[in-house]
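Below is one structure; the comments refer to it alone.
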Amino acid sequence: MPTSSLPFSRHDFGADFVWGAATAAYQIEGAHQTDGRGASIWDTFTHDNRWRRFRDHGDVACEFYQRYESDLILLKSMGFRAFRFSLSWSRILPDGTGRVNEPGLAFYDRLIDTCLAMGIEPWVTLYHWDLPQAFEAKGGWTNRAVIRWFSEFVECCTKAFGHKVKNWMVLNEPLVFTAGGYFAGIHAPGRRGLWNFLPAVHHAVICQGEGGRIIRRNVPNARIGTTLFCAPVEPHTQSIRDVRAAARIDALGNRLFIEPSLGLGYPVQEAPLLKQILTKYANLGDLQRAVFDFDFIGLQNYFRLVVRHDWFTPYVWAREVKPRQREVSEITAMDWEVYPEGIYQVIRQFSAYENVKEIIITENGSAFPDHVHNGRVDDAQRVAFYQNYLRQVLRAKQEGFRVGGYFAWSLMDNFEWAEGYRPRFGLVYVDYPTQRRIVKQSGEWFRELLTR
Ligand code: NOJ
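The sequence shown finishes on residue 461 if you use my numbering, and the numbering steps up by one all the way, no holes.
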């Protein structure tokens with residue numbers, strides 16, 4: 010591959026900068042019924058005939074449960090020294106609470122030990138969307154009891170691994186699992202409506218704070234964060250209606266989970282529908298429980314949003330002007346606009362909060378159609394994507410914003426939720442029928458960047 014043209018070196022980011030690749034349990038592990046794992050809402054959702062779109066599921070996925078050692082060798086060969094993965098709640102507590110499944114804990118213990126033995130720092134996400142199915146009949150995230158259920162899970166994980174794992178993330182993109190799973194119904198558990206969405210949001214907001222406190226108590230010297238979806242939001246025109254629509258989407262998309270954690274409450278001014286949380290679902294003291302002094306905020310940026318006012322979209326009164334309608338120059342296999350400057354913009358936006366101490370990019374990456382030719386995957390578009398986004402991360406760093414690390418999404422191709430296996434986000438290509446791995450050109454690009 011052409012390697013002479015690296016526009017920056019890893020030294021430009023500083024010696025302490027964390028370089029990693031990210032994954033999530035349900036997207037890679039497979040082994041859905043192995044060693045006593047209980048079902049999660051994603052197992053049920055992907056096997057439910059009502060969701061006909063879903064011919065794909067995570068039963069086998071990348072067989073990471075069996076292949077983790079060789080996959081970590083690949084990660085290390087690309088120069089990464091940090092690995093972000095999540096713990097499957099129902100592998101550890103098959104019924105969600107109560108009985109601990111020792112073989113489940115033992116799997117993560119092996120995984121963590123293997124990381125440490127290889128000089129790879131484990132970065133653990135506690136919740137990456139796979140709620141135990143046992144809770145669904147009780148309302149899942151809409152039930153306030155989820156705060157107690159989640160606290161028990163966090164206690165269990167931090168007691169088991171806190172002596173080995175120092176980097177913890179409480180939730181992964183709570184906006185996406187609440188909006189996708191409880192408002193739009195396109196993610197598990199497929200619920201819809203504001204009356205599901207708003208309580209789910211509120212309980213997730215409290216769990217962020219409670220989870221942080223439990224980690225702090227149980228893990229000496231922990232570095233604690235939570236990871237958030239974020240996208241710069243721009244109005245389609247400068248009309249007052251579009252500008253207000255953009256402010257509303259910014260409040261719901263970017264501010265909804267961080268502001269309560271900083272003690273700023275919900276952004277009700279720009280998004281008045283959130284007032285219902287306070288009148289219908291909040292108890293006295295909840296907003297205090299939501300607050301936690303995170304060591305870092307994990308930002309996950311892929312694209313920007315351009316929005317316009319829309320009378321036909323209830324509650325939010327806004328809709329996205331899709332990249333295809335805007336004739337943007339490059340679109341990924343997810344139909345997302347490639348917009349490198351956006352990552353700089355969200356770093357700036359989130360750095361403006363007084364109590365955000367450090368930002369870590371806990372996900373960034375792209376899906377493009379990959380093809381294997383003579384045993385190689387030449388994904389030049391993905392190489393350019395990483396190069397251009399990282400250049401913007403570096404720009405933010407050089408301007409003095411505290412960005413402490415960068416995780417590529419993803420280590421390997423995997424189960425992309427509602428989109429199944431079609432979009433490939435990996436630095437490593439996975440041939441699903443044979444489970445053969447091929448490091449893509451983008452993986453080689455990272456090797457060049459990180460090992461020279
Ligand atoms: C966000 C999610 O955390 C991850 O699970 C997903 O695969 C990527 N972004 C890409 O959509």
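All residues carry an ideal CB built from backbone N, CA and C; glycine is no exception.
Since the structure is predicted, the reported quantities are computational estimates derived from the model, not experimental observations.
Cα-Cα separation between residue i and residue j, rounded to whole angstroms
i    : j    : result
G452 : N292 : 48 Å
Q285 : F266 : 16 Å
H318 : D57  : 35 Å
S338 : V316 : 18 Å
Y275 : P281 : 10 Å
E363 : P112 : 43 Å
F17  : G414 : 16 Å
I462 : S419 : In the structure as shown, the chain starts at 10 and stops at 461, and residue 462 therefore has no counterpart that could be examined.
G262 : H245 : 17 Å
E279 : F26  : 36 Å
L184 : R264 : 10 Å
Candidates the options, of which the one nearest residue i by Cα
i    : options                   : result
G202 : C216, T187 and W138       : T187
A40  : G67, R298 and F206        : G67
T236 : F162, A361, I369 and W418 : I369
P332 : E457, V174, E243 and Q278 : E243
W345 : D295, G384 and G374       : G374
L287 : Q36, V214, H382 and V330  : V214
T191 : S360, F54 and L308        : Note on residue identity: the sequence assigns Tyr, not Thr, to residue 191. The residue with the shortest Cα to Cα distance from Y191 is F54.
F312 : F238, W326, V300 and E336 : F238
L308 : W320, I356, Y348 and L314 : I356
Cβ separation of residue i and residue j, assumed to be a contact under 8 Å, to the nearest whole Å
i    : j    : result
S49  : Q142 : 6 Å
T123 : E78  : 6 Å
S223 : A231 : Note that residue 223 is Ile in the sequence shown, not Ser. That belief does not hold up - the Cβ atoms of I223 and A231 are roughly 10 Å apart, past 8 Å.
P241 : M343 : Not quite, the Cβ-Cβ distance comes to about 17 Å (not below 8 Å), so this is no contact.
F377 : R391 : 6 Å
D44  : S99  : D44 to S99, Cβ: 12 Å. No contact.
G221 : V179 : 6 Å
A30  : F416 : 6 Å
Simplified DSSP state of residue i, which is helix, strand or coil
i    : result
W454 : helix
I1   : For the chain, the structure presents residues 10 to 461; residue 1 sits outside this window and is missing.
R250 : helix
G220 : helix
R46  : coil
G189 : helix
I215 : helix
H382 : strand
G307 : strand
W158 : helix
S18  : coil
W326 : coil
Distance cut-off 7 Å: residue i Cβ against heavy atoms of the ligand NOJ
i    : result
H36  : The question names His, but residue 36 is Gln in the sequence shown. Yes, since a heavy atom of the ligand NOJ falls inside the 7 Å radius drawn around the Cβ of Q36.
A280 : no
W426 : yes
W51  : no
Q309 : yes
W150 : no
N383 : no
E182 : yes
A33  : yes
E329 : no
W418 : yes
E372 : yes
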